Amino acid sequence: MIINQNITTTGECWSEKFGIPCCKEALMPLRTTYDGGWSQENGEWCGLGESLRPIDDIPPPATPVYKLKDMVDPAADCDISDVIHGDSLGQEAPFRFGVGLYGNDLAMSTITSEKMRKVIKYQFNSMTYTNLMNPSAILDQQASIDNIMNGNEDPILNFSNIVDGLDFAYKNGLNIRGHALVWHTQVPEWFFRDGYYSNTEFVSRDVMEYRLDSYIRKFLGFVQFNYPGTVDVWDVVNEAIEITDGQYDETTGWYTRTANNKTPNPWYEIFGPDYVAIAFRIARKYALPNVKLIYNDHNTFQIQPHDKTQAIIDLANILQQENLIDGIGMQSYIGVTWPNLDDYFNGLERLITSTGLEIQITELTITPPIGDNWLGAQAEQYYEYFNRLLSYIKNGYNISSVTVYGLQDGYRFYTKDSTKTRLLDHDLKKKPNFNAIINVLKNYNEAVASDNIIEISEIKEEEENKKIKEKEKEKEKIIDNDDEEKGEKEVKK
Numbered sequence: 001m002i003i004n005q006n007i008t009t010t011g012e013c014w015s016e017k018f019g020i021p022c023c024k025e026a027l028m029p030l031r032t033t034y035d036g037g038w039s040q041e042n043g044e045w046c047g048l049g050e051s052l053r054p055i056d057d058i059p060p061p062a063t064p065v066y067k068l069k070d071m072v073d074p075a076a077d078c079d080i081s082d083v084i085h086g087d088s089l090g091q092e093a094p095f096r097f098g099v100g101l102y103g104n105d106l107a108m109s110t111i112t113s114e115k116m117r118k119v120i121k122y123q124f125n126s127m128t129y130t131n132l133m134n135p136s137a138i139l140d141q142q143a144s145i146d147n148i149m150n151g152n153e154d155p156i157l158n159f160s161n162i163v164d165g166l167d168f169a170y171k172n173g174l175n176i177r178g179h180a181l182v183w184h185t186q187v188p189e190w191f192f193r194d195g196y197y198s199n200t201e202f203v204s205r206d207v208m209e210y211r212l213d214s215y216i217r218k219f220l221g222f223v224q225f226n227y228p229g230t231v232d233v234w235d236v237v238n239e240a241i242e243i244t245d246g247q248y249d250e251t252t253g254w255y256t257r258t259a260n261n262k263t264p265n266p267w268y269e270i271f272g273p274d275y276v277a278i279a280f281r282i283a284r285k286y287a288l289p290n291v292k293l294i295y296n297d298h299n300t301f302q303i304q305p306h307d308k309t310q311a312i313i314d315l316a317n318i319l320q321q322e323n324l325i326d327g328i329g330m331q332s333y334i335g336v337t338w339p340n341l342d343d344y345f346n347g348l349e350r351l352i353t354s355t356g357l358e359i360q361i362t363e364l365t366i367t368p369p370i371g372d373n374w375l376g377a378q379a380e381q382y383y384e385y386f387n388r389l390l391s392y393i394k395n396g397y398n399i400s401s402v403t404v405y406g407l408q409d410g411y412r413f414y415t416k417d418s419t420k421t422r423l424l425d426h427d428l429k430k431k432p433n434f435n436a437i438i439n440v441l442k443n444y445n446e447a448v449a450s451d452n453i454i455e456i457s458e459i460k461e462e463e464e465n466k467k468i469k470e471k472e473k474e475k476e477k478i479i480d481n482d483d484e485e486k487g488e489k490e491v492k493k
């Protein structure tokens, strides 16, 4: 194997290619990856020694970016002047404030809209492709079949759906959360089958591990070489824990998912529960040292019928034994009555205090109640959520990012979209929940500036008082109703 000793942008330092300087004084590596050795100086990573990447394994250059200006923008008639001036979520928040990019292909991708790009650039500092970075959108079946016919087992990846978003983010200083490398859905079944055909037998564990290694190596290499510093977080494994009876392996101690709605989990079918650790080992091998590796899941607060929070803690602690994980992603789908925020934040507390890992809120979606005043009620929901979240941050809890999943209600690329959970409406106008978040963020910043610490106990006491007042109001209504009924009976007499 030929080792490349001169992957460089200046001719002096191989790691500068990735936006990381070479070490000046450090001598001992703290971490070694596929690209080389790494140490730290003044708390920052630096490249050590010479590049270790084989010279015959340099990722291909980025494919040409489409002319987005020539594409039809369904939001062309939206007046966005208000949302690209004044208050900015990304500027006010003490964490990365991200947004989910919807669309199942480039033609429907949020990034295709010029108006939406302008809004994202002003309001957010992070993005997550909801679909287009999953294996089903990246793997090319026919090219993989052709490749294996030529004696090469490596799968072929096609990045045409995401290069525009990567280019936009890189040029505008936005970060992207890579979502997701390993998931039991949105991965084509042919990826697990002999010859990459759809109707053959599953391959062996060794062959599948080779394929997964190749997939992650190519994916991470492509984004790290062509868009250094942009994709600096990866959801390595998504939703590997299941607590529905009959769909988990309890012998692992962390309720490993064996199926989803009775459909077998293909990763478990081939690897057993080891697939999670295998994926993280591979990702750590190819990720730059400043790239964070995350385990992401939904209902991270749930304790019935089994304690999912504890299962996540147990899995995370197993991965920490090999220094494979940097954080936990809480998807955070919150309904009108379930979960209540006490349970949600109890789960958050447990995850942080029991693992020491950072938390990322990855898919925040709060469903409003039904009724004429749903906009006002939704604003209260978001205000309460962010008020409590910020109290944890102020008290030292490591919550590094919040991503709201989707830019607008009635997504303009879809013919039908009745979603009402987002911060902007169908015309890209600010909804009351947007303003509620801004108000909470400003209050937080003022409190920090004046060193007025927001105690978690105070927030909880405020919530308890609110519940007591609501109960008192209900009692008053009942008494009033009883009085009215008595009055009616007297009249009848």
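In terms of the UniProt record's numbering, the sequence shown has 413 at position 413, counting the first letter as 1, and numbering is strictly consecutive.
Beta carbons: idealized from backbone N, C-alpha and C, even for Gly.
This structure is a prediction, so every number in the text was calculated from the model and none was measured.
In this structure, does DSSP put residue 16 in helix, strand or coil?
Counted from its first residue, the sequence shown places residue 16 at position 16. Helix at residue 16.
What are the residues that DSSP puts in a beta bridge with residue 129?
Against the sequence shown, residue 129 aligns to sequence position 129. The partner list for residue 129 (beta bridge, DSSP) reads 101.
Just to confirm my understanding: we take residue 361, look at its own chain, exclude 5 residues before and 5 after, and list those with CB closer than 6 Å. What are they?
Taking the first residue of the sequence shown as position 1, residue 361 is located at position 361. The answer, listed in chain order, is 330, 332 and 402.
Can you give the beta carbon distance from residue 258 to residue 249, rounded, assuming they're within the 8 Å contact cut?
Counting from 1 along the sequence shown, the entry for residue 258 is found at position 258. Counting from 1 along the sequence shown, the entry for residue 249 is found at position 249. The Cβ separation is near 5 Å, so the contact holds.
Can you tell which of 350, 230, 303 and 287 has the C-alpha that lies nearest to the C-alpha of residue 172?
Here residue 172 refers to the residue found at position 172 of the sequence shown. Per the Cα distances, 230.
Work out the CA separation of residue 290 and residue 199 for me, nearest whole Å.
On the sequence shown, position 199 is the one that residue 199 refers to. On the sequence shown, position 290 is the one that residue 290 refers to. The alpha-carbon atoms of residue 199 and residue 290 are separated by roughly 41 Å.
To which residues of the same chain is residue 434 closer than 6 Å at the C-beta, ignoring the five residues directly before and after it?
In the sequence shown, counting from the first residue as 1, residue 434 sits at position 434. The residues are 423.
Which of helix, strand or coil does DSSP assign to residue 226?
For this step, residue 226 is matched to residue 226 along the sequence shown. Helix, per DSSP.
Skipping 5 residues on each side, what residues in its chain have a beta carbon closer than 7 Å to that of residue 216?
Position 216 of the sequence shown, counting from 1, holds the residue named residue 216. If we look at residue 216 and ignore the five residues flanking it on each side, its Cβ neighbours are 181, 282, 283 and 286.
Apart from the five residues just before and just after residue 493, which ones in its own chain have a Cβ nearer than 8 Å to its Cβ?
Here residue 493 refers to the residue found at position 493 of the sequence shown. Only weak support exists for where residue 493 lies, its pLDDT of 43 falling under 50; the value from the coordinates is given anyway. None.
Counting C-beta neighbours from all protein chains within 10 Å, is the total for residue 167 16 or more, i.e. buried, or is it exposed?
Counted from its first residue, the sequence shown places residue 167 at position 167. The residue in question, residue 167, is buried, as its Cβ has 16 or more Cβ neighbours within 10 Å.
With a CB to CB cut of under 7 Å and the five nearest residues on each side skipped, what residues in its chain are close to residue 163?
Within the sequence shown, the letter at position 163 stands for residue 163. Excluding positions up to five away in sequence, the list reads 62, 63 and 65.
Entirely within the stretch 238-315 and at least 3 residues each: give me those beta strand (DSSP E) ranges in chain order.
292-297, all fully within the stretch 238-315.
Pull up the CB-CB distance for residue 251 and residue 268, whole angstroms please, since I reckon it's below 8 Å.
The sequence position of residue 251 within the sequence shown is 251, counting from 1. The sequence position of residue 268 within the sequence shown is 268, counting from 1. Going by Cβ atoms, the distance from residue 251 to residue 268 rounds to 12 Å, so no, they are not a contact pair.
Kindly list the residues whose CB is nearer than 6 Å to the CB of residue 253, restricted to its own chain and excluding five residues on each side of it in sequence; keep chain order.
What you label residue 253 is simply residue 253 of the sequence shown in a count that begins at 1. 314.
Could you check the C-alpha separation between residue 280 and residue 295 for me, to the nearest Å?
In the sequence shown, counting from the first residue as 1, residue 280 sits at position 280. In the sequence shown, counting from the first residue as 1, residue 295 sits at position 295. Approximately 9 Å between the Cα atoms of the pair.
Looking only at its chain, what residues have a beta carbon closer than 8 Å to the beta carbon of residue 355, apart from the 5 residues adjacent to it on each side?
For the purposes of this step, residue 355 is taken as the residue at position 355 of the sequence shown. Only 313, 316, 317, 320 and 328 meet the Cβ criterion.
Can you give me the Cβ contacts of residue 49 inside the same chain, cut-off strictly under 7 Å, excluding the 5 residues immediately before and after it?
By one-based count along the sequence shown, residue 49 stands at place 49. Excluding sequence neighbours, residue 49 sits near 36 and 37.
Note down, one range per segment and in chain order, each beta strand (DSSP E) of at least 3 residues found wholly within the stretch 118-170.
Runs of the beta strand (DSSP E) inside the stretch 118-170: 126-129.
Consult DSSP for residue 214 and reduce its assignment to one of helix, strand or coil.
The count along the sequence shown starts at 1 and reaches residue 214 at position 214. Residue state, collapsed to three classes: helix.
Which of the three DSSP states is assigned to residue 401 in this structure?
Mapped onto the sequence shown, residue 401 falls at position 401. Strand, per DSSP.
When you compare each of 241, 271 and 381 to residue 303 by their alpha carbons, which one comes out closest?
Walking along the sequence shown from the start, residue 303 turns up at place 303. Ranking the options by Cα distance to residue 303, first place goes to 241.
For residue 47, does the count of other Cβ atoms within 10 angstroms reach 16, so buried, or fall short, so exposed?
Indexing the sequence shown from 1 puts residue 47 at position 47. Flag for residue 47 reads buried.
Got a sec, what are the start and stop residues for the alpha helix (DSSP H) residue 362 sits in?
As a position in the sequence shown, residue 362 is number 362, starting the count at 1. No alpha helix (DSSP H) contains residue 362, which is instead part of the beta strand (DSSP E) from 358-366.
Report the three-state DSSP secondary structure of residue 384 (helix, strand or coil).
Here residue 384 refers to the residue found at position 384 when the sequence shown is read from its first residue. Reduced to three states, the DSSP call for residue 384 is helix.
What first and last residue would you give for the alpha helix (DSSP H) that runs through residue 89?
In the sequence shown, residue 89 corresponds to position 89, counting from 1. Segment 89-92, the alpha helix (DSSP H) holding residue 89.
Between the Cα of residue 366 and those of 82, 188 and 336, spot the shortest distance and give me the residue it belongs to.
Indexing the sequence shown from 1 puts residue 366 at position 366. Comparing Cα-Cα distances from residue 366 to each of 82, 188 and 336, the minimum goes to 336.
Check whether the Cβ atoms of residue 18 and residue 228 sit closer than 7 Å, and answer yes or no.
Numbered from 1 along the sequence shown, position 18 holds the residue referred to as residue 18. Numbered from 1 along the sequence shown, position 228 holds the residue referred to as residue 228. Contact flag set, yes.
Going by C-alpha to C-alpha distance, which of 344, 32 and 214 sits closest to residue 308?
The residue given as residue 308 occupies position 308 in the sequence shown. Nearest of 344, 32 and 214 to residue 308, Cα basis: 344.
Whole-angstrom Cβ separation of residue 186 and residue 135, contact assumed at under 8 Å?
In the sequence shown, counting from the first residue as 1, residue 186 sits at position 186. In the sequence shown, counting from the first residue as 1, residue 135 sits at position 135. Contact holds; Cβ gap of about 7 Å.
What are the start and end residues of the alpha helix (DSSP H) that includes residue 76?
Mapped onto the sequence shown, residue 76 falls at position 76. Looking at the DSSP string, residue 76 is not in any alpha helix (DSSP H), and its letter there is neither H nor E.
Over the uninterrupted beta strand (DSSP E) stretch that includes residue 177, give me the two end residues.
Residue mapping note: residue 177 aligns to position 177 of the sequence shown, counting from 1. 175-183 is the span of the beta strand (DSSP E), which, as asked, contains residue 177.
Applying the 10 Å Cβ sphere with the 16-neighbour rule, what's the burial state of residue 238?
Against the sequence shown, residue 238 aligns to sequence position 238. Buried, by the Cβ-count rule.
Just confirm the distance between the C-beta atoms of residue 59 and residue 225, as a whole number of angstroms; I'd bet it's less than 8 Å.
The residue labelled residue 59 in the question sits at position 59 within the sequence shown. The residue labelled residue 225 in the question sits at position 225 within the sequence shown. Rounded, the Cβ-Cβ distance is 4 Å, consistent with contact.
Cβ of residue 427 less than 7 Å from any chain D Cβ?
Among the chains of the structure shown, chain D does not appear; only one protein chain is present.
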